[in-house]
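Under the UniProt record's numbering, think of the first position of the sequence shown as 1, with each following residue one higher. For each residue, glycine too, the CB sits at the ideal point set by N, CA and C.
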Amino acid sequence: MVLFRQEIGDVLRDFRLQKGRTLRQVAGSASVALGYLSEVERGQKEASSEILAAVAEALETPLSVIMGEVSERLAVVEGLSVPMTSRVPDTVPDDLVSGFSPELVS
1 MVLFRQEIGD
11 VLRDFRLQKG
21 RTLRQVAGSA
31 SVALGYLSEV
41 ERGQKEASSE
51 ILAAVAEALE
61 TPLSVIMGEV
71 SERLAVVEGL
81 SVPMTSRVPD
91 TVPDDLVSGF
101 SPELVS
């Protein structure tokens, strides 16, 4: 059985590593205890929506992009679909997606 918290943790870690940030840097920027964020990344703790939003902001990544990646991974694990391309919907205001990779913006 796949756990939602495990997928969230894996995605947060992947985004953090892609950004070249340490756990300590992200925890500090998000005002989250280092040990707690480590447990979230390892899938040992559930993160509240407030903490997820703070970590997403610290990673300079829209929460919708993070949750979209989680959703895609869950769908693949459950055998429900082929992964969709991770894109920011065109309904998201431009000022929220400015500075993100063009391939993420539809």
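- By the neighbour-count criterion, in which a residue is buried when 16 or more other Cβ atoms sit within 10 angstroms of its Cβ, Phe4 is exposed.
- Val76 and Gly68 have their C-alpha atoms roughly 12 Å apart.
- Taking 4 residues as the shortest admissible run, the region 14 to 61 contains the following complete alpha helix (DSSP H) segments, listed from N- to C-terminal end: 23 to 30, 34 to 41, 49 to 58.
- Membership of Glu72 in the alpha helix (DSSP H) is indicated by the continuous run 63 to 77.
- Cβ-Cβ distances below 8 Å link Gln18 to nothing in the same chain once the five nearest sequence neighbours on each side are left out.
- For the pair Leu80 and Gly9, the Cα-to-Cα distance works out to about 21 Å.
- Within the model, the alpha-carbon separation for Ser29 versus Val55 is close to 8 Å.
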